[in-house]
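Here's the structure we're looking at; comments come further down.
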Amino acid sequence: MNLDHSSRYLRERVHLAVQEGLNRSGRSRADFAFRASTMVVLGDTGEELRRNARTVKKRIGPRARGSRPAWPIPSATRRSITSR
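Pasting the structure below:
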């Protein structure tokens with residue numbers, strides 16, 4: 000999982016990859032919608048920012064390491080993924 004949501008990464012990597020896939024499958028850009036989740040650190044003081052940053056890092060950590068999926072995967076799908 001790439002956690003980079005910068006406009007540059009989206010423009011130079013994600014949009015191009017999506018367009019290539021759409022072209023290969025004979026679909027148009029109108030057939031696809033982008034969705035992204037973000038986690039933001041907020042706080043009024045330095046201590047609040049540090050504390051809230053630790054909380055966000057704990058939530059991102061397992062997903063970034065790939066130790067578990069970010070969402071439940073049905074067992075049939077899980078079997079097809081692991082058999083590849």
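Just so we're aligned, residue 0 is where the sequence shown starts under numbering that gives the first Met the number 0, counting upward by one. All C-beta atoms, glycine included, are put in the ideal place defined by N, C-alpha and C.
For a test of the three-state rule: what should DSSP assign to residue i, helix, strand or coil?
i	result
Ala32	coil
Gly45	helix
Val17	helix
Val55	helix
Ser6	helix
As a quick exercise: from the options, pick the residue whose alpha carbon is nearest that of residue i.
i	options	result
Lys56	Thr37, Thr44, Arg7, Asp43	Thr37
Phe33	Ala16, Thr44, Asp43, Ser24	Ala16
Apart from the five residues just before and just after residue i, which ones in its own chain have a Cβ nearer than 6 Å to its Cβ?
i	result
Glu46	none
Leu9	none
Kindly indicate the opening and closing residues of the alpha helix (DSSP H) around residue i.
i	result
Ser27	It is not in any alpha helix (DSSP H) - Ser27 carries neither H nor E in the DSSP assignment.
Compare the C-beta of residue i with all C-beta atoms of chain D and state if any pair is closer than 8 Å.
i	result
Asn22	This model lacks chain D altogether, as it is built from one protein chain only.
Which same chain residues end up closer than 7 Å to residue i when comparing Cβ atoms and leaving out the 5 residues on each side of it in sequence?
i	result
Val40	Leu48, Asn51, Ala52, Val55
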